Amino acid sequence: MPYPLSTLRAVLARVFPALALGAAALLPVPAAAQGPASVPTAAAPTPGRIEPGAELTVYLLTMGQGDEVWEKFGHNAIWIHDPVRGTDQAYNYGMFDFRQENFVLRFVQGRMLYWMQGIPMDWTLPVYQRGNRSVTAQELNLTPRQRAELRDFLEWNESPENRFYRYDYYRDNCSTRVRDALDRVLGGRIRAETQAVPSGSSYRWHTDRLTADDVPIYAAITMGLGEPADRPISRWEEMFLPEKLHDQVARMRVRDAAGREVPLVASERVLVPSAREPERQAPPRRIPGFLLAGLALGSAFLLLARGAARSRAARYGFAGLAALWTLFVGSGGVILAGLWLFTDHQIAYRNENLFQLDPVALALVLLAPALAMGARWAARPAVAVSRIVVALAVLGLVAQVLPGLDQGNGIAIALALPAHLGLALALRRLAALPPSAGEAAPARHPARGRPAPVR
Numbered sequence: 013m014p015y016p017l018s019t020l021r022a023v024l025a026r027v028f029p030a031l032a033l034g035a036a037a038l039l040p041v042p043a044a045a046q047g048p049a050s051v052p053t054a055a056a057p058t059p060g061r062i063e064p065g066a067e068l069t070v071y072l073l074t075m076g077q078g079d080e081v082w083e084k085f086g087h088n089a090i091w092i093h094d095p096v097r098g099t100d101q102a103y104n105y106g107m108f109d110f111r112q113e114n115f116v117l118r119f120v121q122g123r124m125l126y127w128m129q130g131i132p133m134d135w136t137l138p139v140y141q142r143g144n145r146s147v148t149a150q151e152l153n154l155t156p157r158q159r160a161e162l163r164d165f166l167e168w169n170e171s172p173e174n175r176f177y178r179y180d181y182y183r184d185n186c187s188t189r190v191r192d193a194l195d196r197v198l199g200g201r202i203r204a205e206t207q208a209v210p211s212g213s214s215y216r217w218h219t220d221r222l223t224a225d226d227v228p229i230y231a232a233i234t235m236g237l238g239e240p241a242d243r244p245i246s247r248w249e250e251m252f253l254p255e256k257l258h259d260q261v262a263r264m265r266v267r268d269a270a271g272r273e274v275p276l277v278a279s280e281r282v283l284v285p286s287a288r289e290p291e292r293q294a295p296p297r298r299i300p301g302f303l304l305a306g307l308a309l310g311s312a313f314l315l316l317a318r319g320a321a322r323s324r325a326a327r328y329g330f331a332g333l334a335a336l337w338t339l340f341v342g343s344g345g346v347i348l349a350g351l352w353l354f355t356d357h358q359i360a361y362r363n364e365n366l367f368q369l370d371p372v373a374l375a376l377v378l379l380a381p382a383l384a385m386g387a388r389w390a391a392r393p394a395v396a397v398s399r400i401v402v403a404l405a406v407l408g409l410v411a412q413v414l415p416g417l418d419q420g421n422g423i424a425i426a427l428a429l430p431a432h433l434g435l436a437l438a439l440r441r442l443a444a445l446p447p448s449a450g451e452a453a454p455a456r457h458p459a460r461g462r463p464a465p466v467r
């Protein structure tokens, strides 16, 4: 069966950045849903007859946040009430199917295909009621001709040959498709009023704001987002969020069929109430918490290395902690580099977090534990690699003051740099220990006082 857009956000949020999810946005690519140029238009009214579209009522539906991370961004749809046909369809641009051909490959490559589908309202509302998610309906003050044109376009867009489109996290998603459909029948008014108006925000700012309550997912997504996520966006682009499209149509005024200027929203009502707290209006300050975690991790490396000379438990503890940390750092760097070099996840390109999540650290997954357990051959390469990792992390910090390198990666620096430095100092300390401190001294022959041969 088809699955809603919100479910894929879960998969993207947890796999892409961690990555999780952004989180990432692709360059919009023409797809089947954008279709040929022959899009239907409403017929002109015949004198003496009711104008086509007069029987229709059009609503913008905006769905609020839910509990799960993939529900944090909300959702929207266009509801058309048609008493003549006896239908109430919510046109939803967030459909996908795990059974699609090459689903996993498309997901990894960032080339997902979504489709649009009309779903009866009596199927739609119970889903949000069960999830304690609000549903708000704004009746739109469209002329009969605009209503008919919108209905005809949505029905055309729903046809099998036109329904699919290339999904993009930020630039071509369920909300931007709804925005574009409304803008089309309004003659480009939404774009004209918002495209040149700064929003004062970025894709990262909104993503951090909406995922902040789930700290691991928040960290994974924001670390997976590259420099494109920090570009200031306009109000037009900001409507990748359903709530921002809701706010924009509430501000607009249009001309009705008689030429009078009226609000675009004729009325607004809550179809499904929610007892949830209002969503955050700004991202929280997370850098101090991540800095404390980084300092704690770096200190743990130093304390364990100090005890390694006399405690087997300290050596094992250091080996395990160092292996886990460097595996996290190195594999994270491989993922970030792979997203940049080999996929269409453009929102992950040019990611400065590669200075902190460094693939070179993978060498320490073996070298650091080996040195901790007394393998003297690992001393020089372990110290050398750890210095490279620290140098790159420091370079990433310095890069923050350089023009053009202003990615919002404070939490990655706060977490990784102290930990990298602590690990490097700890490895240097271990390398300076005498051989007998990290391994059992060779047994001596009881009679001659010489080391006994190992058998």
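Residue numbers (the numbering used here): 13 to 467. From the three backbone atoms N, C-alpha and C, an ideal C-beta is built for every residue, glycine too. Everything numeric in this text was worked out from a predicted model, so none of it was measured.
(message) Check for me: the beta strand (DSSP E) holding Gly212 runs from which residue to which?
(response) For Gly212, the enclosing beta strand (DSSP E) covers residues Pro210 to Ser214.
(message) How far does the alpha helix (DSSP H) with Met235 in it extend, from its first residue to its last?
(response) Residues Val227 to Gly236.
(message) Quick check: the Cα distance between Phe252 and Arg221, rounded to an integer number of angstroms?
(response) If you take the alpha carbons of Phe252 and Arg221, they lie about 14 Å apart.
(request) Would you decide whether Gln101 is buried or exposed? Buried here means 16 or more other CB atoms lie within 10 Å of its CB. (result) Looking at its Cβ environment, which holds 16 or more other Cβ atoms inside 10 Å, Gln101 is buried.
(request) Spatial neighbours of Pro95 within its chain, please: CB distance less than 8 Å, with the 5 preceding and 5 following residues excluded, ordered by chain position. (result) The answer, listed in chain order, is Glu67.
(request) Keeping to the same chain, check which residues put their C-beta closer than 6 Å to that of Tyr342; ignore five residues upstream and five downstream. (result) First, the amino acid is wrong: residue 342 is Gly here, not Tyr. The beta carbon of Gly342 is closer than 6 Å to those of Pro371, Ala373 and Leu374 in its chain, skipping five residues each way along the sequence.
(message) What does the alpha-carbon distance come out to for the pair Thr69 and Ala349?
(response) Each residue's Cα considered, the two are about 49 Å apart.
(request) Could you work out which residue in Ile229, Gly271 and Ser211 is closest to Arg243 when comparing CA atoms only? (result) Checked all of Ile229, Gly271 and Ser211; the closest Cα to Arg243 is Ser211.
(request) Would you identify the three-state DSSP class for Ala334, choosing helix, strand or coil? (result) The answer is helix: DSSP assigns Ala334 an H, G or I state.
(request) Could you tell me which residues DSSP puts in a beta bridge with Val284? (result) In DSSP, Val284 forms a bridge with Val147.
(message) Considering only the alpha carbon of each residue, which of Leu439, Leu369 and Ala384 lies closest to Leu407?
(response) Minimum Cα distance to Leu407 is reached at Leu369.
(request) Could you have a look at Gly252 and say whether DSSP puts it in helix, strand or coil? (result) Checking the sequence shown, residue 252 turns out to be Phe, not Gly. Coil, per DSSP.
(request) Tell me whether Pro300 is buried or exposed, calling it buried when 16 or more other Cβ atoms sit within 10 Å of its Cβ. (result) Here Pro300 is exposed. Its C-beta has fewer than 16 other C-beta atoms within 10 Å.
(message) Please classify Trp389 as buried or exposed, where buried requires at least 16 other C-beta atoms within 10 Å of its C-beta.
(response) Counting other Cβ atoms within 10 Å of its Cβ, Trp389 stays below 16 and is therefore classed as exposed.
(request) Kindly indicate which residue of Tyr105, Met124, Gln260 and Glu255 has the alpha-carbon position closest to the one of Arg111. (result) With distances taken between Cα atoms, Arg111 lies closest to Met124.
(request) Report all residues from its chain with a CB closer than 8 Å to the CB of Glu280; omit the five preceding and five following residues, and keep chain order. (result) Thr148, Ala149, Gln150, Glu151 and Ala262.
(message) Does Tyr181 come out as helix, strand or coil in the three-state DSSP assignment?
(response) Here DSSP, grouped into helix, strand and coil, assigns Tyr181 to coil.
(message) Helix, strand or coil for Ile425? Go by DSSP, reduced to three states.
(response) Residue state, collapsed to three classes: helix.
(message) Is it buried or exposed, Pro447, if we count other Cβ atoms within 10 angstroms and call 16 or more buried?
(response) It counts as exposed.
(message) Contact defined as beta carbons within less than 8 Å: I believe Leu257 pairs with Ser187. What is the distance between those atoms, to the nearest angstrom?
(response) Indeed, because the Cβ distance is near 6 Å, the residues count as touching under 8 Å.
(request) Would you check if the segment 349 to 361 and the segment 310 to 328 touch, i.e. whether three or more CB-CB distances between them fall below 8 Å? (result) No contact exists between the segment 310 to 328 and the segment 349 to 361.
(message) Using 8 Å as the threshold, is the C-beta distance between Tyr230 and Ala224 below it?
(response) Yes. Within cutoff.
(message) Buried or exposed for Ala287, going by 16 or more other Cβ atoms inside 10 Å?
(response) Counting Cβ neighbours within 10 Å, Ala287 comes out exposed, since fewer than 16 surround it.
(message) Among Leu445, Leu435, Ala443 and Gly420, whose alpha-carbon lies nearest the alpha-carbon of Ile233?
(response) Looking at the Cα atoms, Gly420 is the closest of the given residues.
(message) Looking at the strands, I want to know which residues DSSP matches up with Ile131.
(response) Beta-bridge partners assigned by DSSP to Ile131: Ala102.
(request) May I ask which residues mark the beginning and end of the alpha helix (DSSP H) holding Trp168? (result) For Trp168, the enclosing alpha helix (DSSP H) stretches over residues Pro156 to Glu170.
(request) Examine the ligand SAH and report whether any of its heavy atoms sits within less than 7 Å of the Cβ of Asp268. (result) What this structure holds is no ligand at all, so the ligand SAH is not there to describe.
(request) Could you check which residue in Glu249, Arg191 and Met235 has the C-alpha nearest to that of Ser213? (result) Selected option, being the one with the closest Cα: Glu249.
(request) Using three-state DSSP, classify Asn88 as helix, strand or coil. (result) Correct three-state label for Asn88: strand.
(request) Quick one: give me the first and last residue of the alpha helix (DSSP H) that Ile299 is part of. (result) Taken as a continuous stretch (DSSP letters only), the alpha helix (DSSP H) holding Ile299 covers Ile299 to Gly319.
(message) Considering just the uninterrupted stretch of the alpha helix (DSSP H) at Thr69, what are its terminal residues?
(response) Counting along the chain, Thr69 falls outside any alpha helix (DSSP H), though it belongs to the beta strand (DSSP E) covering Thr69 to Met75.
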